[in-house]
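A short worksheet on the structure shown next.
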Amino acid sequence: MIRLLLAGVTAAVLAGCAATQSTPPTFSGCRTWEQQAGAPHLVSVAVLSPELAKVIGVQEISTSRTGTGLAAVQTTVYNCSDVDVVLTMRTRFTGNRGQSEPPSAWKTVFLAPRGQATYGESAISQATDKVAVDINDGNRGQSQFAPGQTYQVPLK
Amino acid sequence: MTRTTAQTASLLLLVCSLAACQTNPPLQNATGVSSMDVDPGRKGPVSGVGVESQDILAMTDQMMRDMLAEQIFAETGKRPRVIIDSQYFVNESSQAINKNLITQRLMVNLNRAARSRMQFINRQNTAMIEQERALKRSGTTDVGTTGLTKAQLGADYRLSGKIGSLDSRNTKTGMIQRYTQIAFEMTDLESGEIVWSGIYEFARAAADDVIYR
Chain A
1283 MIRLLLAGVT
1293 AAVLAGCAAT
1303 QSTPPTFSGC
1313 RTWEQQAGAP
1323 HLVSVAVLSP
1333 ELAKVIGVQE
1343 ISTSRTGTGL
1353 AAVQTTVYNC
1363 SDVDVVLTMR
1373 TRFTGNRGQS
1383 EPPSAWKTVF
1393 LAPRGQATYG
1403 ESAISQATDK
1413 VAVDINDGNR
1423 GQSQFAPGQT
1433 YQVPLK
Chain B
173 MTRTTAQTAS
183 LLLLVCSLAA
193 CQTNPPLQNA
203 TGVSSMDVDP
213 GRKGPVSGVG
223 VESQDILAMT
233 DQMMRDMLAE
243 QIFAETGKRP
253 RVIIDSQYFV
263 NESSQAINKN
273 LITQRLMVNL
283 NRAARSRMQF
293 INRQNTAMIE
303 QERALKRSGT
313 TDVGTTGLTK
323 AQLGADYRLS
333 GKIGSLDSRN
343 TKTGMIQRYT
353 QIAFEMTDLE
363 SGEIVWSGIY
373 EFARAAADDV
383 IYR
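Protein sequence lines correspond, in order, to chains A and B.
Once you know that position 112 of the first sequence is 1394 in our numbering, the rest is easy, because the numbers rise by one and skip nothing.
Once you know that position 71 of the second sequence is 243 in our numbering, the rest is easy, because the numbers rise by one and skip nothing.
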């Protein structure tokens, strides 16, 4: 009777495990953000989702001026996995005296399996001369801090 | 008390208890979900396939930046006059939406970012303006501090747009997919030329019970 109960509980636990998805594997030779973070040419980029850092990489970030003289940024990202990835990206703008304008809205960027995509944004203030790009997981909802709660650390 | 009486009393007590349960069922989700502040620029805890707050923020931000990158609105000293309101913004989609949320946010952000490059005309409240002008000219009030003008400002450009959608539904799974397209145009009010246009589009799929109002 106890053996039957134990078997039932184990089956239930394993069924729960089967329903959880793990981070998709990446193809060999593809450098993800986990390996890139800290690179000197990518200091203006921040990947805010730890799970996403294992799956995408940032090719380059380049700045220029628009036809009306405003600062503009272009960032190319790539997908190291064999599944579609949805990102949201935004730009933060700074000038000589700190933040020169509010951050841009989050823009959705779709990455096909093993594909690349380019995100671009332009400033609206002439005081902007530096930009920084944030990258987040497009399909992840907001999680709230509440006193007394504990938060699961993503498994490595 | 005889055995029969005791049994009857117990039965009656049981029936009354059960009846009480029927008329006062336990409240479902009694503790509820306490209110939380959510970032309107990101997907919230209630999310479906239609236009949501993150879309309003994203599209107005995108259109504003796109407009300000346009040469006709560059810093030339000459400030073109624009009307940005929802009068000619048409909703042809399957979702009920307050179009003012889009046009108002766009106007406010443009006004704050580009006052030196554009003049914004309030055409929605023409009656309000005419009422005050009449009071000043009739002598009922004084002329204020900015003086009188010959007429209200005429506009050079006006915003118009369309919201459209395409729905598909899997009747077996209940999954719904919706493609939404929001198109913006700035039209020259003298020549009819479309001097600027922008588009914001997305497609979402879900099998969730979400009602939009």
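Beta carbons: idealized from backbone N, C-alpha and C, even for Gly.
Source: prediction; values computed, not measured.
Check                                                                                                    : Outcome
Those residues which DSSP pairs with R1347/A across a bridge                                             : A1353/A
Limits of the unbroken alpha helix (DSSP H) element including W1388/A                                    : Per DSSP, W1388/A belongs to no alpha helix (DSSP H) and is neither H nor E.
Selected residue, minimal CA-CA separation from F1375/A, among G1349/A, S1326/A, D1366/A                 : S1326/A
Presumed contact (8 Å Cβ cut-off) between I274/B and M239/B, rounded CB distance                         : The pair is not a contact, with the Cβ atoms about 14 Å apart (cut-off 8 Å).
Cβ pair Q291/B, R253/B closer than 7 Å                                                                   : yes
Three-state class that DSSP yields for E302/B in the structure shown                                     : helix
Limits of the beta strand (DSSP E) - the one that E1403/A falls within                                   : 1398-1404
Backbone CA spacing between Q1424/A and K1389/A [nearest angstrom]                                       : 16 Å
Chain-ordered chain A contacts of P157/B [CB-CB under 8 Å]                                               : What is shown of chain B runs 173 to 385, which leaves residue 157/B out entirely.
Length of the line joining the Cα atoms of G1315/A and G1420/A                                           : The amino acid at residue 1315/A is misidentified as Gly; the sequence shows Trp. About 17 Å.
Closer than 7 Å to chain B by CB, W1388/A                                                                : yes
Cβ-Cβ separation, G1402/A to V1367/A (assumed contact under 8 Å), whole Å                                : Not quite, the Cβ-Cβ distance comes to about 19 Å (not below 8 Å), so this is no contact.
Chain-ordered residues of the segment 1351-1382 of chain A with a beta carbon less than 9 Å from chain B : G1351, L1352, A1354, T1370, R1372
Straight-line gap, G1349/A to K1412/A (C-alpha atoms, nearest Å)                                         : 17 Å
Residues near R289/B in its chain [Cβ-Cβ closer than 6 Å; skip 5 each side]                              : F245, E247
Reduced DSSP secondary structure (H/G/I, E/B, other) of D227/B                                           : helix
Buried versus exposed, by CB contacts within 10 Å (16 or more), L1286/A                                  : exposed
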